[in-house]
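Worksheet: the structure to be examined is printed underneath.
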Amino acid sequence: MDDNPWVTPAVLEAILADAGRLRFAMSCEARTGSLLATLAASKPGGRMVELGTGVGAGAAWLLHGMSAESKLVSVEADLKVQAVAAKHLSGDARVSFETADVDAWLDGYSGPGFSLAYVDCRPGKFHRLGDLLELLEPGGLYVVDDLLPQDTWPDGHQARVDAFLARVPAVSNLLGTPLRWASGLMVGARI
């Protein structure tokens, strides 16, 4: 079976070209993106959150699967990389970009719950998992990537990943499945 995506977002090639010019090497992997699009499609009219916009590859995939009534909030601390996402995706009224430290955003968010959270940064994954899960609706999906070794990992990062994977089975309001596929994923649902 060929597990490469069958269809990709039209804007993805331009986003990745800009990422290359910025030497940004942490974009959402294509198989992960395809899964994100599928999961987003399972939540018609849903509210999605992406923690760690980067240059917008993950957001492009989420938007690719979202219904016309769905909404996406994408949070990123680095305005320079998020500007790439905004350049290519801000014409889509379903997405809003918040330039903020994700920890500060988690502290200040008081809006409605989310039906899907894609976490591509440390807060919400390696710390503040409980805070993020409180923002998910019951049955809301929780997706994290980059759990298999990456060239972009800083020294000591494997210990963070190992601690996260050891801790998740004991989280009482999350049922998750780790996947040794793509960049290494964990897909869960808030229970």
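Everything in the sequence shown is counted per the numbering used here, starting at 693 for the first residue and increasing by one. Every residue, glycine too, gets a C-beta built ideally from N, C-alpha and C.
Check: In DSSP terms, what S788 is bridged to; Outcome: V765
Check: Whole-angstrom C-beta distance between V767 and A792, which should lie under 8 Å; Outcome: 6 Å
Check: Spatial neighbours of T724 in its chain, beta-carbon cut-off 7 Å, leaving aside the 5 residues before and after; Outcome: D837, A874, S875 and L877
Check: Residues near L867 by beta carbon distance below 7 Å, same chain, minus five either side; Outcome: G880, A881 and I883
Check: Segment contact, 8 Å Cβ cut-off, at least three pairs: the segment 791 to 806 with the segment 853 to 866; Outcome: no
Check: For L798 and L824, believed in contact at Cβ under 8 Å, the rounded distance; Outcome: 7 Å
Check: Of the listed residues A775, G712 and L781, nearest to L764 (C-alpha basis); Outcome: L781
Check: Cβ contact (3+ pairs, closer than 8 Å) linking the segment 700 to 708 and the segment 740 to 759; Outcome: yes
Check: Terminal residues of the beta strand (DSSP E) in which F806 lies; Outcome: F806 to V811
Check: Spatial distance of A711 from L821 (CA atoms); Outcome: 28 Å
Check: Paired residues, beta bridge with Y801 - DSSP; Outcome: Answer is none; Y801 lacks a bridge partner.
Check: Residues bridged to M740 (per DSSP); Outcome: L764 and L808
Check: Contact set for G831: own chain, Cβ-Cβ below 7 Å, skip 5 residues either direction; Outcome: A881 and R882
Check: Member of H849, M740, E721 and M718 whose CA lies at the smallest distance from the CA of P804; Outcome: M740
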